[in-house]
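The structure appears below as C-alpha cells.
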Amino acid sequence: MAHLTSTSLTGNLLGDFVKGSQLSFLPVELELGIRLHRGIDSFTDAHPVCQQFKSEFTEMRRYAGVGLDILFDHLLAKQLNAKYQNLCTSFYQTLQTELTLYGATLPEKYQLKTSRIINENWFASYSHQQGIRLALHNTGKRFRNAVPLEILMDWYDVNPGRVESNFQLLYHDTTLFALGKRDELIARLN
Numbered sequence: 014m015a016h017l018t019s020t021s022l023t024g025n026l027l028g029d030f031v032k033g034s035q036l037s038f039l040p041v042e043l044e045l046g047i048r049l050h051r052g053i054d055s056f057t058d059a060h061p062v063c064q065q066f067k068s069e070f071t072e073m074r075r076y077a078g079v080g081l082d083i084l085f086d087h088l089l090a091k092q093l094n095a096k097y098q099n100l101c102t103s104f105y106q107t108l109q110t111e112l113t114l115y116g117a118t119l120p121e122k123y124q125l126k127t128s129r130i131i132n133e134n135w136f137a138s139y140s141h142q143q144g145i146r147l148a149l150h151n152t153g154k155r156f157r158n159a160v161p162l163e164i165l166m167d168w169y170d171v172n173p174g175r176v177e178s179n180f181q182l183l184y185h186d187t188t189l190f191a192l193g194k195r196d197e198l199i200a201r202l203n
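Residue numbers (my numbering): 14 to 203.
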C-alpha cells in the first residue's frame with residue numbers, strides 16, 4: 014500500500030520485522046510506514062473476506078492468517094505487475110534509495126533484512142506461483158511446529174475465481190482504510 018499512500022516503502026516492509034511500539038528512534042517516515050503496515054494487517058485480519066477464508070483452514074488455527082497474508086501479497090504482486098510493467102524495477106529502486114537514505118538510522122538486523130529482500134529479489138518472485146509457494150513453505154518452517162502453509166496454494170489453484178474476486182473486494186476496502194489510516198497517523202505524528 015506504500016505506492017498508494019505515499020508512505021515509506023521501507024517502513025511498510027519493516028512492519029513485519031520491527032517489534033514493539035516504541036518507534037520514536039526511527040525517522041518519522043519509517044515510523045509512519047510501520048504503523049500503517051500494522052494497521053493494515055489488523056484491518057485485513059478482521060475483514061469478512063479474510064475471516065471467511067481463515068474459517069476454511071481451521072486445522073491451521075492462527076497460522077492461516079499468516080499464510081493468507083502471503084497469498085494476498087502474491088495476488089497483489091500479480092495484479093500490479095499486470096498493470097505496471099516496470100513495477101519491480103521501480104520498487105527496488107525506491108527501496109534502495111530509501112535504504113541509502115535511512116540505512117544508518119536502522120538497527121543492523123533490519124538493514125540486513127532489507128538488503129536480503131533486494132538482493133534475493135523477493136517481490137519479483139511473489140508474482141509467480143512457484144515463488145509464493147516457496148515463501149509459504151519457508152515461512153511455515155519458521156514456527157516451533159512446522160505448518161504446511163503451502164497448502165494455501167493448492168486451495169487457491171482449486172478456487173482461483175472465488176479467491177481473486179474476494180481479494181478484489183478486500184483490496185478495495187483495504188485501500189480506503191489505508192488512505193484514512195495514513196491521514197490519521199500523519200496528524201498524530203506531526
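Glycine is no exception: its CB is placed at the ideal position from the N, C-alpha and C atoms. Remember, predicted model here, so these are calculated numbers, not experimental data.
query                                                                                                                                                                    : result
Cα-Cα, which of VAL41, LEU22 and LEU26 is closest to SER201?                                                                                                             : Correcting the residue type first, residue 201 is Arg in the shown sequence and not Ser. Of the candidates VAL41, LEU22 and LEU26, the one whose C-alpha sits nearest the C-alpha of ARG201 is VAL41.
Where do the N-terminal and C-terminal ends of the alpha helix (DSSP H) with PHE56 fall, by residue?                                                                     : 41-59
Spatial neighbours of VAL31 within its chain, please: CB distance less than 7 Å, with the 5 preceding and 5 following residues excluded, ordered by chain position.      : ILE47 and TYR123
Skipping 5 residues on each side, what residues in its chain have a beta carbon closer than 7 Å to that of ASP186?                                                       : HIS60
Using 8 Å as the threshold, is the C-beta distance between THR152 and VAL79 below it?                                                                                    : yes
Between which two residues does the alpha helix (DSSP H) harbouring MET73 extend?                                                                                        : From DSSP, MET73 is part of no alpha helix (DSSP H); its letter is neither H nor E.
Just to confirm, are THR118 and LEU26 a CB contact at a threshold of 8 Å?                                                                                                : no
When you compare only the Cα positions, how much space is there between GLY33 and SER138?                                                                                : 29 Å
Excluding the five sequence neighbours on either side, which residues of its own chain have a C-beta within less than 8 Å of the C-beta of GLN65, listed in chain order? : ASN179
Just how far apart, CA to CA, sit ILE199 and PHE85?                                                                                                                      : 26 Å
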